[in-house]
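Structure, as structure tokens:
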Amino acid sequence: MVQPGVEDFPVYFSEEERSYLAGSPFIDYIDTENEDIRYDYSLIAREMPDFGAKYTLDDFKKAKMLVISRNFGVTMNGVETNLQVPLADMFNTETPKNALWYYDDSRHGFIVEAYADVAAGAQLFDSYGKKCNYRFFLNYAFINLNKDGENPENEFPLFIGLDEEDPSFDIKKEVFLDGMESTITEFRVQGHMKEKVMDNFLSWIRFVVFDGDLDDLYVRVTDAFEEAKRLAES
3 MVQPGVEDFP VYFSEEERSY LAGSPFIDYI DTENEDIRYD YSLIAREMPD
53 FGAKYTLDDF KKAKMLVISR NFGVTMNGVE TNLQVPLADM FNTETPKNAL
103 WYYDDSRHGF IVEAYADVAA GAQLFDSYGK KCNYRFFLNY AFINLNKDGE
153 NPENEFPLFI GLDEEDPSFD IKKEVFLDGM ESTITEFRVQ GHMKEKVMDN
203 FLSWIRFVVF DGDLDDLYVR VTDAFEEAKR LAES
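Residue numbers (this note's numbering): 3 to 236.
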């Protein structure tokens, strides 16, 4: 799956193409990405007038999508950074992979090694990492499916807030949420329970619908925080 030119990336979708995504939260991801690109460009152009005079917003947009889709996150001399590596950025992703890459400080270079036996003339595959398909689609312009036609890392955003009709709404907000202005929380739920986000998601739902003794709940929550603090310091 050789990556396409940036003109096929979702940030360039026409209104007709966007219409196929009606009802999907992916529309919001596209709009947010485009807004971030406009913001970054305007900020750089304001601070560096020569940049704005030489490059258009579209130039910047194309460059950013090329970088996002072809960068490698590495650690160099203990510092996390990103690299652009021609040729290596042409590798496709597959599970299981047959090659791995890393930066070697002692050799001062980016290394690609065979992860398994590779026949002469066979294609090298690395891994683009475990990602939800919205990230694959947004940043690479394709979706990633396993041999069963699924992606177990897929997420769906859910926004769940306190019920303002709940008689305990004010107490929950002021005491348990420290008076936070917004009582709505976003969770990227998954189809399995392997990630911590799912524990947090279920805990939040239990709190939202809780209609028992709030004094007892407060004591239990406080004790749990104190125990967690003690374990962290021990």
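Think of the CB as a built atom: it goes at the ideal place given N, C-alpha and C, for glycine as much as any other residue.
Rounded straight-line distance, which links the Cα of residue j to that of residue i
i       : j       : result
Asn-100 : Ala-122 : 13 angstroms
Asn-79  : Leu-85  : 14 angstroms
Thr-58  : Val-87  : 25 angstroms
Tyr-22  : Thr-34  : 18 angstroms
Ser-44  : Pro-51  : 10 angstroms
Ile-32  : Glu-188 : 18 angstroms
Thr-224 : Asn-156 : 34 angstroms
Asn-73  : Ser-16  : 26 angstroms
N-terminal and C-terminal residue of the beta strand (DSSP E) that residue i is part of
i       : result
Gly-163 : 157-163
Thr-187 : 186-192
Asn-84  : 81-86
Asp-106 : 101-106
Counted within 10 angstroms of its Cβ, other Cβ atoms place residue i as buried (16 or more) or exposed
i       : result
Leu-102 : exposed
Glu-49  : exposed
Asn-146 : buried
Leu-273 : The first residue shown for the chain is 3 and the last is 236, placing residue 273 beyond what the model contains.
Asn-202 : exposed
Ala-234 : exposed
Lys-63  : buried
Tyr-41  : exposed
Asn-143 : Contrary to the premise, residue 143 reads as Ala rather than Asn in this sequence. Counting Cβ neighbours within 10 Å, Ala-143 comes out buried, since at least 16 surround it.
Phe-227 : exposed
For residue i, three-class secondary structure by DSSP
i       : result
Tyr-130 : coil
Phe-212 : coil
Ala-116 : strand
Gly-244 : The question about residue 244 has no answer here: the residues shown for the chain are numbered 3 through 236.
Asn-202 : helix
Gly-54  : helix
Residue i: first and last residue of the uninterrupted alpha helix (DSSP H) it sits in
i       : result
Thr-77  : Note, Thr-77: premise wrong, no alpha helix (DSSP H); beta strand (DSSP E) at 73-78.
Phe-227 : 216-235
Tyr-41  : 28-49
Tyr-142 : 135-142
CB contact below 8 angstroms: residue i versus chain B
i      : result
Tyr-57 : Of the chains in the structure shown, none is chain B; there is only one protein chain.
Residue i vs residue j beta-carbon contact at 8 angstroms
i       : j       : result
Phe-158 : Val-191 : yes
Glu-96  : Phe-127 : yes
Thr-77  : Tyr-105 : yes
Asn-148 : Gln-125 : no
Leu-219 : Phe-212 : yes
Gly-214 : Thr-185 : no
Arg-39  : Lys-66  : Residue identity differs from the one stated: residue 39 is Ile in this sequence, not Arg. Result yes, Cβ atoms of Ile-39 and Lys-66 sit closer than 8 angstroms.
Cβ-heavy atom distance, residue i to the ligand SAM, below 7 angstroms
i      : result
Ile-70 : Among the components of this structure there are no ligands whatsoever, and the ligand SAM is therefore not found.
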